[in-house]
Amino acid sequence: MTASTYAPLPIDAPWVVLKFGGTSVATAERWRTILDLAAARRAEGARVVVVVSALAGVTDGLKALCTCASSEREATLAKLVERHRELMAQMQLADATEAERWLASLQALVLPLPSDEAAVHGQELRGGAPAPGGGSHTAWQSRGRGPSPPRYALGASPRLSRGERGYSWQAAVQAHGELLSSSLGAVFLAANGLPAHWLDAREALLAREVPFLNERARALSAQVQADPDPAFADALAARGEVFITQGFIARDGDGHTVLLGRGGSDTSAAYFGALLHASRVEIWTDVAGMFSADPRQVPGARLLQRLDYDEAQEIATTGAKVLHARCISPCRRARVPLLIKDTRHPDFEGTLIGPLPPEVAPSVKAISSRRGITLVSMETSGMWQQVGFLADVFAAFKLHGLSVDLIGSAETNVTVSLDPTENLLDSDVIAALAADLAKVCRVKVIAPCAAVTLVGRGMRSMLHRLSGVLAEFGRERVHLISQSSNNLNLTFVVDEGMLDGLLPRLHELLIRAGALRTDDTALFGPTWQMLYGGGMAPLAAPWWRGERERLLELSTAQAVPHAASGHLPPQAGEGTAGTPRYVYHLPTVRERARALRALRSIDRVYYAVKANAHPAILRAIAQEGIGFECASPGELDVVDALAESSASPRLFTPNFAPRDDYAQAVERGVALTLDSLFPLQHWPRLFAGREIMLRVDLGRGLGHHDKVRTGGTASKFGLPLAQLGEFLDLAREHDARIVGLHAHLGSGILDVSHWSTVCGQLASLAERVGSVRCLNLGGGLGVPSHPGEADLDLAALDAALAEVKLAYPQYELWLEPGRWLVADAGVLLARVTQTKRKGSLNYLGCDAGMHVLIRPALYDAWHDIVNLSRLDEPASMLYQVVGPICESGDVLGADRRLPESAEGDVLLIAQAGAYGESMSSHYNLRPLAEAAVIE
Ligand code: LLP
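Under this note's numbering, the residues of the sequence shown are numbered 190 to 1124, in order.
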């Protein structure tokens, strides 16, 4: 169907503005996409304005034309002409008259041959050619600079002055990129059944007088005041239904062509959207939208599906390239939604920028970085208090047309940052500025710097979650920290060289700290990797989704007495309500065990019993040929009680344990690990003639939370390396033989390189000890807990370890993971008790509290929570999910999006198989949770 077959639109039909960038207009195939999209909007009943950029690379070519030596001008021009003619041929344009005219006018502007002078001097660029839209040429161009030129001038043709090849001439030259692409497009659309009127954007967009802009900025980086203007909309509607126009260009009050600066085409689309009060402005580009970080640096960055104007503005201002910051405010003022979409993947959701629903939790939305920042530090002694000092300082910035971004001040110093995207920065401008400033203060220019910014609504209420981020910055020199007064951003200015690798680390830290709320799937979409990373499969659906009915039954079933399953200690809850109840899925445990056993570089795997000592889990693990790592005689007892584990190897790894624990282990013949001098110094007879292992402290800790990092002086674990010599002497003296070295740096580590690094370090220490046979690399294997976090890459882990093993083939490698084997295998079922509204918060109470699952309270750990009774209902509420314990910290999940829930509903708390039941208590004298097993 073509537009000509559509019934005419009513006069009040909504407007939609579609904008296409340079790559989207560079091939005939891409023009077909434009045709399809514009025709689809028209078919939906909208009037359409298509705004286009110049063909990719053409604006740069035109800039080069402005600056290159006159001897090179002809060749540069020829390339540009060729480029457009090639595309015309590709597009099979029947009528290239208009485009050829623009090529001719470009030539006349840059290569003024004697015969062209008259046309150029006449300041009528097209030498009297009729405007494609028809109409008079003279409506406003004869006016001089008046106080208020008409807002728009439909039908008029603007002047492109050559003058003495100043900024205005540059603007006129560069405007040709868009004039050309839109002319090609108009012919192409019409030839393919969508008659589109060519509209000269300069007829509609009038630059406003901004008093502090210098001449250069006025010509090359102009701004337009665009508010909804029904008269303009009506006048355009009277002309037609579908238009194609140029991005990037406008006219000034004298009728000269001006440019809108970088990203100007987006801005043009926004101006048109605002003027027409469009129902939507769609920016079609080569990515799906804005992401939580630059995906080139952070492949795990998430698509931001909904943003409010302020957040989007902040993200665009602070580094995201997908949308130019200037284009948001016209839309915000006119309340026009902006949608970013990927031209090649129209099925991807995109980013919708508009007013956000009120019930949204504060969250960091994005982390961005800007390079090329220049800091200007101004030092004064005593002048700071002087009236007018700041005015003098800032007058210098104004004089040089520089807009200041961040400001930090002290008694004798004021430091400001200059952003290259807001300023036409070059070394001449900076030198001139510094010279002027030097008249009133001492100036230091620090460059190149980078600004790293966290963006999100309610930044101040998230500070407590940012400790990890601050610690990361703490390692390097930070020049300036600035918190925006609109509570939307927190910026750190650092040396540019520090940026490498920083963003991925910060992104990860923010997710882990619950500051970047990627669990809110209404706002955070898929990762860039999932969308573009070569089809990386999204995380598999968890097992419990397929076991809903069974789980709902279990939530009401009579308790299975622990005694029947042989669970020790026998502390069955008296509650028979069925909740709170842990449920363990043994197939998941077995699958995990097999995956670890399949690692070729690992000789032995021990399961850290502390993660979950449920007998059914221990049995399944023993059956898979995995040994046990125990931290107490109680854990040894549980393992000993199982027939299946009789042949399983055991380790005993106590820490600050009483003498008797060591004596017991020795008696039981369990491999024993010491981690200090004390046992050898004070109880040497226990170890005489025996084999022991030694746990060392490698001086650093890692893991999902400070409380689970087990390295460095601040941690109580391991023998400091400085005492190794003494330990070896004692061992020799008391005839204890060190057969293994051990290091466990922490829990919840997702960086695969960790274990191979530890392995290399232990291996070189082992050389020094001499008698070592095995290296125990500890546990700590993390599971991704936040949606979108990548799984630990076991194959990569194996490969990295295999490499170390090549260098040290004499050592066996051991691992002793807990969490990785069982975390995903367990869920906690809880029943909703009550709900309460308090201020703006909705509390959802349930019968599982911190006594049953302490991880959220202790580590701010994040567990997915769903309402199992209402799994298919829309998650319309934002809840604080809390338990029945008398502590304010009894919160299982803050700001969780769930369906509206009622008393009796069953909640499922996911990933509760590790350190859930095993850390539970009778606090408040509440019973322990029951546990059930799915075989
Ligand atoms: N080996 C030793 C010596 C350990 O201390 C631990 C855990 C492990 C192995 C097993 O680590 P895994 O693979 O599970 O990360 N309650 C905290 C975790 C504490 C881990 C204590 N030690 C949590 O819920 O995150």
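C-beta: ideal position from N, C-alpha, C; glycine also. On a predicted model such as this, the values are computed, not experimentally measured, just so you know.
- The alpha helix (DSSP H) runs of length 4 or more contained entirely in the stretch 589-672 are, from start to end of the chain, 616-626 and 656-663.
- DSSP places M882 inside the beta strand (DSSP E), whose first and last residues are E880 to D886.
- Apart from sequence neighbours up to five positions away, no residue of its chain approaches L402 with a beta-carbon distance below 6 Å.
- Annotated three-state conformation of T256 is helix, per DSSP.
- If you compare the alpha carbons of G929, F906 and P868 with that of H923, the shortest gap goes to P868.
- V961 has its Cβ no nearer than 7 Å to any heavy atom of ligand 1.
- Secondary structure of S454 (DSSP, three-state): helix.
- Taking a C-beta distance under 8 Å as the contact criterion, G234 and A202 qualify as a contact pair.
- In terms of CA proximity to D1061, P1088 leads the group G1082, P1088 and D1036.
- In this structure, G892 keeps its C-beta atom at 8 Å or more from the C-beta atom of G901.
- Rounded to the nearest angstrom, the Cβ distance from L528 to V1095 is 38 Å, too far for a contact under 8 Å.
- In the DSSP assignment, E1001 falls within the unbroken beta strand (DSSP E) covering E1001 to L1004.
- Here I1074 carries a coil assignment [DSSP, helix/strand/coil].
- When DSSP assignments are scanned along the stretch 912-939, the uninterrupted stretches of alpha helix (DSSP H) that are 4 or more residues long and fall wholly within it turn out to be 913-922.
- In the DSSP assignment, Y1032 forms a beta bridge with K1025 and Q1069.
- For W1009, the shortest separation between its Cβ and any heavy atom of ligand 1 lies below 7 Å.
- Distance from the CA atom of L276 to the CA atom of S650, rounded to whole angstroms, is 53 Å.
- For H466, the shortest separation between its Cβ and any heavy atom of ligand 1 does not lie below 7 Å.
- Under the Cβ criterion (8 Å, minimum of three pairs), the stretch 530-537 does not count as touching the stretch 493-505.
- Between the stretch 550-567 and the stretch 619-637 there are three or more C-beta pairs closer than 8 Å, enough to call the two in contact.
- At least 8 Å separates the beta-carbon of I504 from that of L692.
- Of the candidates R666, I200, I433 and H931, I200 places its Cα closest to the Cα of A427.
- A Cβ-Cβ separation of about 6 Å places D792 in contact with L1002 under the 8 Å criterion.
- Relative to the Cα of S674, the nearest Cα in the group G645, L981, S1109 and G686 belongs to G645.
- By DSSP's assignment, E568 forms a beta bridge with N602 and R631.
- Taking the Cβ of L512 as the reference point, every heavy atom of ligand 1 lies at 7 Å or farther away.
- For P1045, the enclosing alpha helix (DSSP H) has its first and last residue at R1044 to Y1048.
- DSSP, reduced to helix, strand and coil, places D684 within a strand of the structure shown.
- Burial is judged here by how many other beta carbons sit within 10 angstroms of a residue's own beta carbon; K994 has at least 16 and is buried.
- Two segments are said to touch when three or more pairs of C-beta atoms, one from each, lie closer than 8 Å; by this definition the stretch 211-231 does not touch the stretch 255-262.
- C-alpha of C963 to C-alpha of Y796: approximately 17 Å in a straight line.
- In this chain, C520 is not harboured by any beta strand (DSSP E); it is covered by the alpha helix (DSSP H) spanning I517 to A523.
- Relative to I927, the option among V1041, T506 and D864 whose CA is nearest is D864.
- Taken from the Cβ of V247, every heavy atom of ligand 1 lies 7 Å or farther away.
- Nearest neighbour of R559 by Cα position, chosen from R354, L607, R839 and L652, turns out to be L607.
- In this structure, the alpha-carbon of M1066 lies about 30 Å from that of Y1112.
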